[in-house]
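First comes the structure, then the notes that go with it.
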Amino acid sequence: MQAQTEWKERPVSLRVSNQPLGKVLEMVADAAGAKITLQGVSLWNINKPTSLVVKDKPLDKVLGELIGNQNVVIRYEGEGQIIVEPDRQFASDKVELNVSGQVIDKATGEALIGATVLITDGTGKDKGARGCITDIDGKFSIRVGKKESISISYIGYEAVSKQITKEEGDLIIEMKPSIELDDVVVTGISRRNKNSFTGNYVEVKGDALRKMNPTNILKGLQFFDPSFKIIENNKTGSDPNAEPDFQIRGDQSLGTKSMNSMDLMLDNVSSRPNTPLFVLDGFIVPMSRILDLDPERVETITILKDAAATSVYGSRAANGVVVVETKVAPDGDLSVSYNGTMTVQTPDLTDYNMMDAATKLDTEWRAGLYNPANANDMNLYNRYRRYVLGGVDTYWLSKPLRTAFQHRHSASVSGGTEVFRYSLDINAAMQPGVMKESANNTKGVNFNMTYMKEKFTMRANVSLNESNSSNSPYGSFSQYTRLNPYYIPEDTNGNQQKVLDNNTVSGQSTIITNPLYDATLGIKDLTQSLNMTTSLNLEYMVLRNLRITEQLSYTRGMAGTDKFLPADHTSFELEDDLTRKGSYFKSTGEMASWSSNFGINYNLVLGKHLFSTFANWTISEDRNDYVNLSATGYPDAHMDDFIFGNKMETSMTNIGSENISRSIGLIGQFSYSYDNRYSVDANLSGEASSRYAKHDLVPFWSVGGRWNAHNERWLQGYLSNLVLRASYGVTGEQNFSPSDAIEYYSFSGTMRPYASFPVLGALLSGLNNTELGWAKTHNTSLSLDFGFWKNRVNTTFNYYNNITKELLTNYDLAPSTGYPTMVMNAGELQNRGFDATLNVIAMQNLRKEFFWTISANANRNRNRILKLSDYLKKVNEEQMKSADAPLPQYREGESTTTLYVVRSLGVDPVTGKEVYLKRDGTKTFVWDANDKVPVGDTNPLVSGTASTSINWKDFSCSIGFTYKYGGVVYNQTLVDKIENQNVAYNLDNRAGQGRWEKPGDVTSYVGFSPTGANTPASTRFIMDDDEIRLATLNMGYRFKGDDFKLLQQANIDVLALNFTTNDLARLSRVKMERGLDYPFARSYTLSMSIMFR
Amino acid sequence: MKKIAYLLIALFTFASCEQWLDVTPNTDVPAKELFTTENGFKSALAGLYITMTEENTYGKNLSFGLMDQLAQMYDKLPDGTSERRSIYIYDRETSGAYNTKGVLANIWQAQYHTIANTNNLLKWWSLNGETVLTDTITRRMIRGEALALRAFLHFDLLRGWGPMHYAGSDEAKAMKCMPYRTVADHSKQPLLSASDIVGHIIADLNEARECMSYEKELDLSDPTSDRNMRFNYHAINALLARVYNYAGLQDSAVHYAKMVIGECGLTLQNGNDNDPILTKEIICGLSMHELKDNLSEYFAFGDKISTKYYLSISTLNALFETIGSESEDMRAKGTAFHISTEQQCAISLKYIDNDNEVVPLIRLPEMYYIACQSVAASDEAATYINTVRNKRGISKTKDVVCDTDEQRVAALNREYRKEFYAEGQYFWFLKANGIVGTLTHSPEVALVAENFVFPLPDAEIEYGWTEGNSNEESEEPTEDANAKFYHH
């Protein structure tokens, strides 16, 4: 008796938020080392979300308070058995029947533990009030009033109801898996059921992305969708301030519209030709907003690929759409969490192979650079030789570099009730790059609240983001790869020398300046931006199946750049005019935009038929303006403000820009699905924009069909998943300036006073084309999803054929019209290809919580120009003439990324000259631009990723590779640092070897010439660009507070640690310098996330 | 809630959207909005003059730049050339050479760009002029100036791309050289014969003169008026004199030249202190904002001369005949040139010492020269040229005689070169009179007649209405008799 008393008063400490009462009771019992059984009893509010915070409180008191004043008794029996049974004293007058049974999975027969059994009166009014939960064997017993029903629910299963008319002893309730709660596709504008959606999409959870790349979630996307490609920029390398380029399913437009940085910062979304459209929480945003977004806030990313998925975005959807959803405030009591990442970045110089001082000087000597008979030459040579013998061997590459420590922190506080929830996130990231003093720092605050009451939901969000970035004062990395290793950067006093050498060897003098000197001067190269976004989402359920929504958003932003070079900077070395030494470039800009989406959603279920319609009305306005100022004459580095300039640049061109655009869009969507087997979708959207002369609605549309073959009876049991989808549609893209369509007068080029005119001058901005319309992409897509072995093997295969018609291109005019070109709809481009993914759960052991998964994917895209405008043909001719690195060229029948070069037969062993193959097949020593032929495509034949991961209880690890095969690349290093070398600068180690010296030498490189050869582009430098890269290696462990005393003491519920390395190793067939202006880096990241109790 | 939804939809029906979508950036104004105010018309007119001060036209290449390089007014070779000849090889595009053909193509493009704007202004004048421009004077002024500009711009194109010595032969007059554009659109227009172009120019000028007749009494010497910065009544007369003189219609040329001399109010100046450009003789000029800042780089002098627009002292002396006979000429003195004995060179002060910020288009002495060339009586001719010479400081004892036509042209040849140094008129004089081989460096160049006719820009041949490249909807232009004039 004594013992029993003690145990029922055993102290309980527990913290639970928003769990059903039944679950909480179990947890309380568990915390006291006991088991709780509900015998023939139904509890009120068994399903009601309950929160509990107790500390060292006696068990019986806790249970008493939880259950409250109900007609039950709680008995504490020996060996930790808690029995809850009806209090006979208050037995109801009504006839109550004893019902007991077991809940099992219909397919596997497994018992379902913790399923909720609720008593309802059949009308649905009393739903969720009384009931019990199943025990460890899936069993339950309950007393139910006659004619009442029980409803059994379990997460992930369809609810089952049963009316009770008689006492039941061992009722077996079979439940079948249901469409999960999150089984919807987020298209940004509407939510669609995954099982009937006909579009082609890929959805990825934020957690999975963060594992692949904890600092840039977009870079992790390629592991989940092979058609989403990162365009690697060999110039900007791992520069934290360079905006990466992405592409979905190839180039959809021709020509490059280079944009200035202000346009990028100020939200000119439509101006980047081949970048997908980014949508954040339902609103179209510039890519920079996604890149600056704290990765921790991302809930899911959905890539929409074909017309059926993207046509709701109509005119802007041609390049695909990336939809990012952030986390919503969870319900429950106050919870605090912290996420931190620490990244170590180290420069990756493995692709550089520069000569050391002795080798370089030796190469110069062997090349005959110094004439032994010439005293000046010999003096020079001996001076360098003295340096080399004295041990000078400056490794210039490492001078501007460092190991960078980046860190990112975010703290989040959230909580609330079922009705009202809120969350507040604060985040900051300090991201220095591997070049000294380059950095990209961001700070942000985000407040999110949700109010839900009956039929009304309101969600509001306010976020403020700031980003500050600075470029390295050390300048371009390429300067350092050119400096001779026998130069000494410091003078005898240890100061940086301004001029390293005045190299007069090859007859002409080259002043070689020291870029390290520039770094000591106090250069400024900063960019700042600040933006504030507010959004409000309202949702009202008019009827159970009729919903109206309204989304409002407003964004206000500012951006500015400062570039300051003092007079001492080496770039002014040759300038005599003091008022022109030193320069300052400043630009500032502002943007504001707002948009409103109004939507109506109606669903109708008639037996096996499911109808759903959706209509949306969008209206938006974007404004931005910026001004560029530049001045010269800054004698002193301390006078580093614009105002100290000696004179303003008088050029009035490109002084800034001011833009406003408005658009109205209508979207209609209709879908029908039969028996979860057949679905069809139709989308229609129209947009009218102020950018066009005619403000008519331009229609874009798509139709799609889907067959869930695995739901056919005759296939069941063979396959767990078989889905076929097909769609066709038309989407558009707008990419030109308003004056192309409308007759405009512009003041911007003539903003100068003119004597006797009281007004400023204005000029016609261009010959407008009132007929101008949207370029349209016709998109055909077929896809097959295939799964077997209980869905442990899943494959998808997508074929697509996108033809972009009426491309917007410049059309030549006779110059006597006064204008050189006019924009017209001309040209056609095709992108055809497939992407395939394979996901396998190779091993799984549910009991041991062990999973091993393998994934691989591949994409092949064939890009072909079908039709070209005359203007582009002329651009081609110009580009064809170039003997330097191949420039982009466009030719009908070829790809936009085809390389055109003259075919080379190698170096003639007799003469040492390169032998070229003319177009007609004859051989020649003369390089002629007319002999250029297409030799390959820089886009790979196949590219994709392969990854595998293992999860065992709280431990996880994964490894991911990317590969590409079948493309070609023009090896610039071979040309610049080996053959076209200027010996005044440092060379690649290979430059001294394999050179033709005398007749009979069979070599790959022509003879060494001290002044540098002038090798034009030929196939000799075209290489197969095949590559395998170890992109990601990740390991993680979750420490649970319950298991570790230390964590408990620190009030930590869960501590998760993750270690990730990115770009650790790379295997390529091309030996070429990478990261020309900014080196590539390897990164090692440790991230930590803490959930406090 | 339902009602609110209906209300929202009703509020924003598409009926009102048309207007809402009509937005434009501040620096850009739709034409249909601009031409609803008088100031809008004035802005469009001001735009024409302002764009004419740019580098490709009268802000450099059609004044002191390419035109005077072609006329060999400077001793230093243009950038990128190694021999003087290379600037006359128009169709050579080898790298390193001075891309004369490209510069000419830019001039062609820039002139037609201004013409297109003129035509668009005239289009809107016809559409809205009556209702918007309620003040008669303003209405007439805008049309008059626009027509005069159209004629002026086409005339300089004709002087470049038209034949050598137009007045000299019927063959020259019939040469198909360029389109005369009267509409701003993307249509191709045929190349017209030189005489047709002259006809169009005179027709435009006559109409312009009619429009501007209200300012017959205008006194250009009035310091409070800046009408000489724009096309005015006298400037139209002066331009008519220039065109008739070009066309060899001597009576009309003399008539208009005398009219300008008598009516414009300006007088020849006898000093150029602090005003080497002689602002008080300008019948029509362009106002260039911050002229000195813009042009100082071309005429800068200092410890080390880096500009290519200079003369060596010996060339200066030869050109202005300063040693001995004509040493009193103010046009060669320190008031007109910065003369550095140390560096042995001279740089014109016309765009350095230019407080009025003006680039001259037509100056009064030209009227005297036109009168001299076209007037019948030889003694009268001599009076005109000697009046200018005397005003410039050359004593009457050195007066020239104009007994024969050859003497007139020879005298004018020397005077044009001196008077219009760095103003871009001399090359036109040589071409209009068919004078070959009298240039400073001409033995070195062996300047031949063909080099006076500029080549059509490649793009014009390719995309314009030229041989074998006609407009589909119109008939072929008539047979081209003088193709050889513009093909090299």
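Protein chains in written order, with my numbering: chain A, 598 to 1690; chain B, 0 to 487. Note that beta-carbon positions come from the ideal geometry of N, C-alpha and C, so glycine has one too.
Problem set entry | Whole alpha helix (DSSP H) elements within the segment 223-253 of chain B, 4-residue minimum | Annotation note: the segment 223-253 of chain B contains the following uninterrupted alpha helix (DSSP H) runs of length 4 or greater, listed N- to C-terminal: 232-246.
Exercise. Which residues mark the beginning and the end of the alpha helix (DSSP H) in which residue 1386 of chain A is found?
Worked result: Against the first sequence, residue 1386 of chain A aligns to sequence position 789. Unbroken run through residue 1386 of chain A: none, as it is neither H nor E.
For this session: Give the secondary structure of residue 1074 of chain A by DSSP, where H, G and I count as helix, E and B as strand, and everything else as coil.
Result: Translated into the one-based positions of the first sequence, residue 1074 of chain A becomes position 477. Coil at residue 1074 of chain A, not helix or strand.
Exercise. Looking at the unbroken beta strand (DSSP E) that takes in residue 1094 of chain A, where does it start and where does it end?
Worked result: Along the first sequence, read from residue 1 onward, the residue named residue 1094 of chain A stands at position 497. Per DSSP, residue 1094 of chain A is not a residue of any beta strand (DSSP E), being assigned neither H nor E.
For this session: Report the option in A:903, A:812 and A:905 whose CA atom is closest to the CA atom of residue 937 of chain A.
Result: Residue numbering aside, residue 937 of chain A sits at position 340 when the first sequence is read from its first letter. Ranking A:903, A:812 and A:905 by Cα distance to residue 937 of chain A puts A:812 first.
Exercise. Just how far apart, CA to CA, sit residue 549 of chain A and residue 1526 of chain A?
Worked result: No statement about residue 549 of chain A is possible, as the shown extent of chain A runs from 598 to 1690 and does not include it.
Exercise. List, in order along the chain, the chain A residues whose C-beta lies closer than 8 Å to that of residue 456 of chain B?
Worked result: Working through the second sequence from its first residue, we reach residue 456 of chain B at position 457. Here the neighbours are 1412.
For this session: Would you verify that the beta carbon of residue 1675 of chain A is, or is not, closer than 8 Å to some beta carbon of chain B?
Result: Position 1078 of the first sequence, counted from the first residue, corresponds to residue 1675 of chain A. Closer than 8 Å: no.
Problem set entry | Test: residue 185 of chain B CB closer than 8 Å to a CB of chain A | Within the second sequence, numbered from 1, the residue matching residue 185 of chain B stands at position 186. Yes, residue 185 of chain B counts as interfacial toward chain A.
Exercise. In this structure, does DSSP put residue 1685 of chain A in helix, strand or coil?
Worked result: Residue numbering aside, residue 1685 of chain A sits at position 1088 when the first sequence is read from its first letter. If DSSP states are grouped into helix, strand and coil, residue 1685 of chain A belongs with the strands.
For this session: Would you kindly report the start and end of the unbroken alpha helix (DSSP H) that includes residue 882 of chain A?
Result: On the first sequence, position 285 is the one that residue 882 of chain A refers to. Note, residue 882 of chain A: premise wrong, no alpha helix (DSSP H); beta strand (DSSP E) at 880-882.
For this session: Just mark residue 1570 of chain A as buried or exposed, buried being the case when its beta carbon has 16 or more other beta carbons within 10 Å.
Result: On the first sequence, residue 1570 of chain A is found 973 positions in, with the first residue counted as 1. Burial call: buried.
Exercise. Rounded to the nearest angstrom, how far is the Cβ of residue 1430 of chain A from that of residue 1461 of chain A, given a contact under 8 Å?
Worked result: As a first step, residue 1430 of chain A is located in the first sequence; it is residue number 833 there, counting from the start. As a first step, residue 1461 of chain A is located in the first sequence; it is residue number 864 there, counting from the start. Between the beta-carbon of residue 1430 of chain A and that of residue 1461 of chain A there is about 11 Å, and that puts the pair past the 8 Å contact cut.
Exercise. Going by other Cβ atoms of all chains shown within 10 Å of its Cβ, with 16 needed for buried, is residue 965 of chain A buried or exposed?
Worked result: Numbered from 1 along the first sequence, position 368 holds the residue referred to as residue 965 of chain A. The residue in question, residue 965 of chain A, is exposed, as its Cβ has fewer than 16 Cβ neighbours within 10 Å.
For this session: Would you please state the rounded distance, in angstroms, between the beta carbons of residue 433 of chain B and residue 163 of chain B? I believe it to be under 8 Å.
Result: Counting from one through the second sequence, the residue named residue 433 of chain B turns up at place 434. Counting from one through the second sequence, the residue named residue 163 of chain B turns up at place 164. Contact annotation, residue 433 of chain B with residue 163 of chain B: C-beta distance approximately 6 Å; criterion of less than 8 Å satisfied.
Exercise. Does DSSP put residue 199 of chain B in a helix, in a strand, or in coil?
Worked result: The sequence position of residue 199 of chain B within the second sequence is 200, counting from 1. Reduced to three states, the DSSP call for residue 199 of chain B is helix.
Exercise. In angstroms, rounded to a whole number, what distance separates the CA positions of residue 1253 of chain A and residue 916 of chain A?
Worked result: Taking the first residue of the first sequence as position 1, residue 1253 of chain A is located at position 656. Taking the first residue of the first sequence as position 1, residue 916 of chain A is located at position 319. C-alpha separation (whole angstroms): 28 Å.
Problem set entry | Burial state of residue 1036 of chain A, where buried means 16 or more other Cβ atoms lie within 10 Å | Your numbering for residue 1036 of chain A matches position 439 in the first sequence. That one is buried.
For this session: Quick one: give me the first and last residue of the beta strand (DSSP E) that residue 1210 of chain A is part of.
Result: Position 613 of the first sequence holds residue 1210 of chain A. It spans 1206-1229 - the beta strand (DSSP E) in which residue 1210 of chain A sits, taken as one unbroken run.
Exercise. Start and end of the beta strand (DSSP E) containing residue 916 of chain A?
Worked result: Within the first sequence, numbered from 1, the residue matching residue 916 of chain A stands at position 319. For residue 916 of chain A, no beta strand (DSSP E) run applies, since DSSP gives it neither H nor E.
Problem set entry | Where the alpha helix (DSSP H) through residue 66 of chain B begins and ends | Taking the first residue of the second sequence as 1, we reach residue 66 of chain B at position 67. Looking at the DSSP string, the run of the alpha helix (DSSP H) that includes residue 66 of chain B is 65-69.
For this session: For residue 50 of chain B, decide whether its Cβ has a neighbour in chain A, counting only Cβ atoms nearer than 8 Å.
Result: One-based indexing of the second sequence puts residue 50 of chain B at position 51. For residue 50 of chain B, the answer is yes, since a Cβ of chain A falls inside 8 Å of its Cβ.
Problem set entry | Length of the line joining the Cα atoms of residue 922 of chain A and residue 788 of chain A | Position 325 of the first sequence, counted from the start, is the residue given in the question as residue 922 of chain A. Position 191 of the first sequence, counted from the start, is the residue given in the question as residue 788 of chain A. Residue 922 of chain A and residue 788 of chain A have their C-alpha atoms some 12 Å from each other.
Problem set entry | Cβ pair count under 8 Å reaching 3, the segment 62-69 of chain B against the segment 1374-1381 of chain A | Cβ pair count under 8 Å is below three, so no.
Exercise. Could you give the uninterrupted runs of the beta strand (DSSP E) lying entirely in the segment 1313-1378 of chain A, keeping only those of 3 residues or more?
Worked result: Counting only unbroken stretches of 3 or more residues, the beta strand (DSSP E) elements lying wholly within the segment 1313-1378 of chain A are 1318-1330 and 1341-1343, in sequence order.
Exercise. Do residue 1183 of chain A and residue 1159 of chain A come within 8 Å of each other at the CB atom, strictly closer than that value?
Worked result: Within the first sequence, the letter at position 562 stands for residue 1159 of chain A. Within the first sequence, the letter at position 586 stands for residue 1183 of chain A. Residue 1183 of chain A is positioned such that its CB atom lies closer than 8 Å to that of residue 1159 of chain A.
For this session: Leaving out five residues on either side along the sequence, give the residues of the same chain with a beta carbon under 6 Å from the beta carbon of residue 1226 of chain A.
Result: Taking the first sequence and counting its residues from 1, the one referred to as residue 1226 of chain A is at position 629. Answer for residue 1226 of chain A: 1183, listed in chain order.
Exercise. Any C-beta of chain B sitting closer than 8 Å to the C-beta of residue 837 of chain A?
Worked result: One-based indexing of the first sequence puts residue 837 of chain A at position 240. No, because no Cβ of chain B sits closer than 8 Å to the Cβ of residue 837 of chain A.
Exercise. Where residue 939 of chain A and residue 1680 of chain A are concerned, what is the direct C-alpha to C-alpha distance, given to the nearest angstrom?
Worked result: In the first sequence, counting from the first residue as 1, residue 939 of chain A sits at position 342. In the first sequence, counting from the first residue as 1, residue 1680 of chain A sits at position 1083. CA-CA distance, residue 939 of chain A to residue 1680 of chain A, rounds to 10 Å.
Exercise. On the three-state DSSP scale, how would you describe residue 1562 of chain A?
Worked result: As a position in the first sequence, residue 1562 of chain A is number 965, starting the count at 1. DSSP places residue 1562 of chain A in strand when its eight states are reduced to three.
For this session: Compare the C-beta of residue 341 of chain B with all C-beta atoms of chain A and state if any pair is closer than 8 Å.
Result: Counting from 1 along the second sequence, the entry for residue 341 of chain B is found at position 342. With 8 Å as the cut-off, residue 341 of chain B does not count as an interface residue toward chain A.
For this session: For residue 344 of chain B, write down the residues that DSSP places opposite it in a beta bridge.
Result: Here residue 344 of chain B refers to the residue found at position 345 of the second sequence. Bridge partners of residue 344 of chain B according to DSSP: B:311 and B:339.
Exercise. Which partner residues of residue 88 of chain B appear in the DSSP bridge assignment?
Worked result: On the second sequence, residue 88 of chain B is found 89 positions in, with the first residue counted as 1. When beta bridges are read from the DSSP output, residue 88 of chain B appears opposite no residue.
Problem set entry | Length-filtered (4 minimum) alpha helix (DSSP H) runs lying within the segment 1583-1671 of chain A | Within the segment 1583-1671 of chain A, the complete alpha helix (DSSP H) runs of at least 4 residues are 1642-1646.
Problem set entry | Residue-chain proximity (residue 116 of chain B, chain A), Cβ-Cβ < 8 Å | On the second sequence, position 117 is the one that residue 116 of chain B refers to. Residue 116 of chain B has a beta carbon lying within less than 8 Å of a beta carbon in chain A.
Exercise. What is the rounded straight-line gap between the Cα of residue 378 of chain B and the Cα of residue 273 of chain B?
Worked result: Within the second sequence, residue 378 of chain B is the residue found at index 379, counting from 1. Within the second sequence, residue 273 of chain B is the residue found at index 274, counting from 1. Those two C-alpha atoms are separated by around 34 Å.
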